[in-house]
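Engineer: For the record, in the sequence shown the residue sitting at position 159 is 159 according to UniProt numbering, with numbers rising by one throughout.
Glycine is no exception: its CB is placed at the ideal position from the N, C-alpha and C atoms.
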Amino acid sequence: MDVEKWLCGLGLQQYVAAFRDNAIDAEILPELTEADLEKLGVVLGHRKRLLKAIGALAAPAAALQAAPGGSAASHGDEAERRQLTVMFCDLVGSTALSARLDPEDMRDVIGTYQACVAEVVGQHAGFVAKYMGDGVLVYFGYPQALENDAERAVRAGLALVDAVGRLHTSERLRVRVGIATGLVVVGDLIGSGAARERGVVGDTPNLAARLQGLAEPNTVLISASTRRLTAGFFDYDDLGAIELKGFAEPVRAWRVVGESAVESRFEALRSGEAQLVGREAEIGLLLERWAQVKAGKGQVVLLSGEPGIGKSRLSNALQERIDNEPHVRLRYFCSPNYQASALHPHVAQLERAAGFKREDSPEAKLDKIEALLAPTATPNNDVALFAELLSVPTDDRYPALNFSPQRKREETLEALLRQLELLSRHQAILMVYEDVHWIDPTSRELLDAGVERVKRLPVLLLVTCRPEFTPSWVQEVTVISLNRLNRDEGAALVTGIAGNNPLPSDILAEIVDRTDGVPLFVEELTKAVLETGVGEGDPRSLLARTQSSAIAVPSTLHASLMARLDHVGTAAKEIAQFGAVIGREFSHRVLSAAARWNASELNRALSGLLEAGLILRRGTSPDTIYAFKHALVQDTAYGTLLRAKRRELHARIATALEAEFADIAQTQPELLAHHCTEAGLVQQAVKYWLAAGQLALMRSATAEAITQVTRGLELVPSLSDPVQRNVQELGLQAVLGQALMAAKGFSDPDTGRAYARAHELCREIGEAPQLFPVMFGLFLFYYVTAELNAALEIATEMLEVAERQDDPTHQLIGHHLVAIVLQHQGQLSSASEHWSRAFGLYDPERHQELAFTYGIDFHASILTYLSWVWLALGFPDRAATSHREMLARVKQLPHVFAAATCLGMGCGYLLLRRDVEELRPQAEATFNVCTEQRFPFWLAAAIVSRGWIMTQEGRLTDGITMVRQGIHLYQSTGAEIELPLIRSVLLEPLVATGQATEALNVVNDTLAVLGRNGDCWLEAEMLRIKGAALLSIHDAQQAETCLQHAITVAQNQGAKLWELRAAVALGRLWRDQNKCVQAHDLLAPVYGWFTEGFETRDLQEAKDLLDELARAAPSSPGTC
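#1: Starting from Leu285, trace the alpha helix (DSSP H) in both directions and tell me its first and last residue.
#2: As a quick exercise: from Glu658, Val454, Arg652, Ile309, pick the residue whose alpha carbon is nearest that of Val522.
#3: Measuring straight from C-alpha to C-alpha, what distance separates Gln811 and Gln823?
#4: Helix, strand or coil for Ala241? Go by DSSP, reduced to three states.
#5: Using the C-alpha atoms, what's the distance from Val479 back to Pro467?
#6: Which residues mark the beginning and the end of the beta strand (DSSP E) in which Trp938 is found?
#7: Is the segment 226-238 touching the segment 166-176, taking contact as three or more C-beta pairs under 8 Å?
#8: Just list the beta strand (DSSP E) runs in the segment 647-700, keeping only unbroken ones of 3 residues or longer that don't cross its boundaries, in chain order.
#9: Let me check understanding here. Comparing Cα to Cα, which of Ala673, Arg646, Arg643 lies closest to Leu657?
#10: DSSP three-state label for Ile1047, please.
#11: Around the C-beta of Arg107, are 16 or more other C-beta atoms found within 10 angstroms, so that it is buried, or is it exposed?
#12: Which whole-angstrom value describes the C-beta separation of His638 and Ala580, a residue pair presumed to lie in contact below a C-beta threshold of 8 Å?
#13: With DSSP as the reference, please indicate the residues paired to Gln299 in a beta bridge.
#14: Excluding five sequence neighbours on each side, which residues of the same chain lie with their C-beta closer than 7 Å to the C-beta of Lys744?
#15: Between residue 1127 and Ala756, what straight-line distance do the alpha-carbon atoms span, to the nearest angstrom?
#16: Can you grab the Cα-Cα spacing for the pair Gln212 / Leu221, in whole Å?
#17: Please return the same chain residues whose Cβ sits closer than 7 Å to the Cβ of Glu704, not counting the five positions on each side in sequence.
#18: Any idea if Asp90 is buried or exposed, counting beta-carbon neighbours within 10 angstroms, 16 or more meaning buried?
#19: Ala231 by DSSP, collapsed to three states: which one?
#20: According to the neighbour-count rule (16 or more other Cβ atoms, all chains shown, within 10 Å of its Cβ), is residue 1142 buried or exposed?
#21: Do Val184 and Arg100 have their CB atoms nearer than 9 Å?
#22: With 16 as the cutoff for other CB atoms within 10 Å, does Pro103 come out buried or exposed?
#23: Following the continuous alpha helix (DSSP H) through Gly157, name the residue where it begins and the one where it ends.
#24: Let's see if you can read the secondary structure: which residues bound the alpha helix (DSSP H) around Arg444?
#25: So, are the CB atoms of Glu434 and Tyr332 less than 9 Å apart?
#26: Let me confirm a value: Leu732 is counted as buried when at least 16 other C-beta atoms fall within 10 Å, else exposed. Which label applies?
#27: Assuming the contact rule is C-beta atoms closer than 8 Å, Val568 and Gly608 should be a hit. Round their C-beta distance to whole Å, please.
#28: Among the residues of its own chain, which have a CB less than 8 Å from the CB of Asp105, if the five just before and after it don't count?
#29: Could you give the residue range of the beta strand (DSSP E) that holds Tyr142?
#30: Mind reading off the beta-carbon distance from Trp1089 to Gln1053? Whole number of angstroms is fine, and I expect it under 8 Å.
#31: Counting Cβ pairs closer than 8 Å, one from the segment 801-819 and one from the segment 832-851, do we hit at least three?
#32: Please go through the same chain and pick out, in chain order, the residues whose beta-carbon is closer than 8 Å to the beta-carbon of residue 1143, but skip the five residues on each side of it.
#33: Taking DSSP as the reference, what is the three-state secondary structure of Val432?
#34: Rounded to the nearest angstrom, what separates Pro326 and His344 at their Cα positions?
#35: Pick out whichever of Thr526, Gln1037, Val494 has its Cα sitting closest to the Cα of Gln1073.
#36: If you drop the 5 nearest sequence neighbours on each side, which residues of the same chain put their C-beta closer than 6 Å to that of Gly1014?
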């Protein structure tokens, strides 16, 4: 190696004379120490640079003695993924040449040729990986990445054509060169002794070799990937798509004609923290909006731009400009690692603001929450909600929050917004929400609500996002779309970054040309030039590396960052990789526990990364938190790891989190789930995804729960043990069913599929602990969607299992569910028997808590259904007693949904009873609780009830409108089971307002549905109402047939009240037809059967009609 050229390549040509005068050649160079360099007069900074470069030469020299002349850089013993530009050079006609020349002469020719190749490759900072007789394999980008590997490879190829052609040999020599760029695995030591080499695996070397074979003598052929990265530097002939051996698809190739003055440009990526340049208009607009906020007018600004364009830097600039003004600053950061973690930006912000420490006890954390919220006089309920959000128990300091999951979720969101309002009463607020393209669903909902809220407050909400984020409120706010910098702005940015190390004007101009106005590109390329030295490589371009499937790092920036990672040294680079596996942020505690490095070595490596500007630090030891300066730095470091190494590091992190950070395992199981998933620890991953889903469900974060258990379900097929596979899937499907039921409702098809699969798994496993909750969920799906046969099959199975287990609790549930279906199928007596048995099994002490598992208070629910069935069977007083007992029970219920369910069904009972006065207060109570707690299913019952009351008060049109609204709301939930009841409420008012035809259409449609699903318990009532509609259009014959059919159906079911109503209707028809005796004979025995309820509307109407018929003086038999 030419030491003089090597020094010039490092930009240290001032030391050439000192090295020459002291006889330091390539052999002595690796033995130099820092003391030696100091004696040579090398200043401290240059000593560090030289020692690093010498170290880079030493490692591969030892391992690759077969590669003389190839320059190299440091590399550890582990292989890694890299973008690599591979050059394959072959001597043309060597076989014919060897036939003509003496072997010794041929040896001299090959030696001269190889020396020439080594010299040219060294001049272009390439690495000779292997000599293969007349062929040479060369890498650009390994062991040390530089920012323009692809360009240097092509320049080296052209230089080789020229240099080999000018060699003074007995025969004129010519070469063929093939070059390709792509992802490879490189670095494994293969072979032994003199044949030991660093292997490379991937298509790229094969492609380079095939292209070389196609090349004409003294030409350079390059692949599409290489051409894409060097397009502006050279002129090419497009050879089109070529069939190559070993490649399934044709490969496009180009012949390099020569250099071109046109230079390539590359895509934008996110910027780091450099000086703010070229954003005067944008910062001015932000300051204008801030002035409006200080005047009490809330503002929302959406700051949008492509990755790397400077969104965060502009946000920070605004914060710096107003730093001395009195205000409150709130910052929220979204992360791709927490897109399924509900409210993670807010949890993190509250933890930072409260000053949580790892060693804090729950009591201390609660103290800190109270201290944080005390200045705003936050309501106690909000303090308790925040504590629960932060997973901090409140013990006895605050009363338990008696909210449904949905209500608790909404109250939490409202508390966060209320806290913003309280803070804004004291000072103006700057609220920054960064990277919302990674926002979790719950935080997105809160942000959407907050946009409207802040307009009334002295708050500037600054939201940063990528262009793909398009919120619904984008038309209502100020939008700033950041553009690229112009040439002067780019030059100013380079100059500011260079600081006391000004770059030559031509290099500065080249950086500006190549970075295309993207601030991050400018910053990172400038730093790479400063760190490597101006003379090392040509900084006019960056290697645009093809990204791996997992790492979305644009290729040119990837090259620049890879060069910086290589320059920090093996130890610091390894820690950067470890940190990248942990995440964008990583704590010193977790890194230390997982990496298990000596403390001083770890700190030295971290210091190197800090000095290089690759990471940032906040906090003090031992609670220091590090963060990659940019997500792309993290991605680049992560992308170098082989899959096996990634799995190993993820496993070590998961193990450390489990063993030493129990609080994280409990409060962020999704984090362990992520690391276990990436580590291939499927069993542990499934366990933590399940825990994460359960925790999210407890926090009413149903969208996140669905995401997390779905991740777990994706892994289940990878479990090897079939029994364990079924058990784990069952747990996940059960939680998925609960989450879907909460998110989409009882009747959503996805809910049904989840519970059906869980039920199938229960049967395969046996009687698993989840069996009853799963069957209950599946029963609800079938019941609410009116699939009564399927519902009865599930309910019967549940009762059989309960009796087989001799479990009174499950027997209670089984009898209750069987009875519900039997009632709807018109088997009223059998239903009442099951409810009587269920009621006998109920134990208040044992069964009161079932409401929190099943969402039903079985005591109140049985009473509710009994009121329905007693009424239909003709025992109105018993029904009324059950109803009153239910209302008394509801007042004691701690479970809001269970109470709302009973109130809603109670409305149904009173509608069937046609009791306006009792229904009025109950409808209002149901409406209020269901509106407050967001229960649309039972809210529909309340709205229908209110509408019916209006019709009974004579406000028919308004009442019909309201009933229609209730029906529409009910149908929007996907439910069907109570449609006959709520439709029946609509029919009589329709008839009364002359809309009999519509009433007939509705009743016929309803009867058709009843015929299909077997929900026939109200069939007699529907037929009675149909008869009334037919009478209103003067079709007495059909009406009579309908009413007689209604009586028959009611008799078959034992539904004496329905029979009485149909008999009254038919008696009135016959009365009007002068058939009073027949009418009396029809009605009298039905009325005479009743032993109670004589004060009810139905029996009074029947008695009045009987008295009227009895008073009639028939002029002849059968007439009135």
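Structural biologist: Let me lay it out:
#1: Looking up residue 285 in the sequence shown gives position 285. It spans 280-294 - the alpha helix (DSSP H) in which Leu285 sits, taken as one unbroken run.
#2: Locating residue 522 in the sequence shown gives position 522, where the first residue counts as 1. Considering only alpha carbons, the answer is Ile309.
#3: The residue given as residue 811 occupies position 811 in the sequence shown. The residue given as residue 823 occupies position 823 in the sequence shown. The straight-line gap from Cα to Cα measures roughly 18 Å.
#4: Counting from one through the sequence shown, the residue named residue 241 turns up at place 241. Note: Ala241 maps to strand in three-state DSSP.
#5: Locating residue 467 in the sequence shown gives position 467, counting from the first residue. Locating residue 479 in the sequence shown gives position 479, counting from the first residue. For Pro467 and Val479, the distance between alpha carbons rounds to 11 Å.
#6: Here the question's residue 938 lines up with position 938 in the sequence shown. No beta strand (DSSP E) holds Trp938; the alpha helix (DSSP H) holding it covers 936-952.
#7: no
#8: none
#9: Here residue 657 corresponds to residue number 657 of the sequence shown, with the count starting at 1. Out of Ala673, Arg646, Arg643, Ala673 has the C-alpha closest to the C-alpha of Leu657.
#10: Here residue 1047 corresponds to residue number 1047 of the sequence shown, with the count starting at 1. If DSSP states are grouped into helix, strand and coil, Ile1047 belongs with the helices.
#11: The sequence position of residue 107 within the sequence shown is 107, counting from 1. It is exposed - the Cβ of Arg107 has fewer than 16 other Cβ atoms within 10 Å.
#12: Here residue 638 corresponds to residue number 638 of the sequence shown, with the count starting at 1. Here residue 580 corresponds to residue number 580 of the sequence shown, with the count starting at 1. At residue 638 the sequence reads Tyr, which differs from the His that was named. Indeed they touch by this definition, with Cβ atoms about 4 Å apart.
#13: Within the sequence shown, the letter at position 299 stands for residue 299. Bridge partners of Gln299: Leu460.
#14: To locate residue 744, count along the sequence shown from 1; it is residue 744. Excluding positions up to five away in sequence, the list reads Asp750, Thr751.
#15: Examination of residue 1127 is not possible in this model, given that the chain is present from 1 through 1120 alone.
#16: The residue labelled residue 212 in the question sits at position 212 within the sequence shown. The residue labelled residue 221 in the question sits at position 221 within the sequence shown. Their backbone Cα atoms lie some 7 Å apart in a straight line.
#17: Within the sequence shown, the letter at position 704 stands for residue 704. Answer for Glu704: Ala340, Ser341, Ala342, Asp440, Pro441, Thr442, Ala696, listed in chain order.
#18: Counting from 1 along the sequence shown, the entry for residue 90 is found at position 90. Looking at its Cβ environment, which holds 16 or more other Cβ atoms inside 10 Å, Asp90 is buried.
#19: On the sequence shown, residue 231 is found 231 positions in, with the first residue counted as 1. Looking at Ala231 - three-state DSSP - the assignment turns out to be coil, as it is neither helix nor strand.
#20: Any answer about residue 1142 is impossible in this case: the structure gives the chain only from 1 up to 1120.
#21: Here the question's residue 184 lines up with position 184 in the sequence shown. Here the question's residue 100 lines up with position 100 in the sequence shown. Contact flag unset, no.
#22: One-based indexing of the sequence shown puts residue 103 at position 103. Pro103 comes out exposed.
#23: Walking along the sequence shown from the start, residue 157 turns up at place 157. Unbroken alpha helix (DSSP H) run through Gly157: 149-165.
#24: Counted from its first residue, the sequence shown places residue 444 at position 444. It spans 441-454 - the alpha helix (DSSP H) in which Arg444 sits, taken as one unbroken run.
#25: Reading the sequence shown from its first residue, position 434 is the one you call residue 434. Reading the sequence shown from its first residue, position 332 is the one you call residue 332. Result yes, Cβ atoms of Glu434 and Tyr332 sit closer than 9 Å.
#26: In the sequence shown, counting from the first residue as 1, residue 732 sits at position 732. By the neighbour-count rule (16 or more Cβ atoms within 10 Å), Leu732 is buried.
#27: Against the sequence shown, residue 568 aligns to sequence position 568. Against the sequence shown, residue 608 aligns to sequence position 608. The pair is a contact, with the Cβ atoms about 5 Å apart (cut-off 8 Å).
#28: Taking the first residue of the sequence shown as 1, we reach residue 105 at position 105. Ser170, listed in sequence order.
#29: Translated into positions along the sequence shown, residue 142 becomes position 142. No beta strand (DSSP E) contains Tyr142, which DSSP labels as neither H nor E.
#30: In the sequence shown, residue 1089 corresponds to position 1089, counting from 1. In the sequence shown, residue 1053 corresponds to position 1053, counting from 1. Actually they do not touch by this definition, with Cβ atoms about 14 Å apart.
#31: yes
#32: The structure shown does not extend to residue 1143, since the chain is modelled only from 1 to 1120, so the question has no answer here.
#33: Sequence index remark: in the sequence shown, residue 432 carries index 432 (1-based). Val432 falls in the strand class under three-state DSSP.
#34: As a first step, residue 326 is located in the sequence shown; it is residue number 326 there, counting from the start. As a first step, residue 344 is located in the sequence shown; it is residue number 344 there, counting from the start. Their Cα atoms are separated by approximately 28 Å.
#35: Locating residue 1073 in the sequence shown gives position 1073, where the first residue counts as 1. The shortest Cα separation from Gln1073 among Thr526, Gln1037, Val494 belongs to Gln1037.
#36: As a first step, residue 1014 must be located in the sequence shown, where it is residue number 1014. Correct list, in chain order: Leu788, Gln825.
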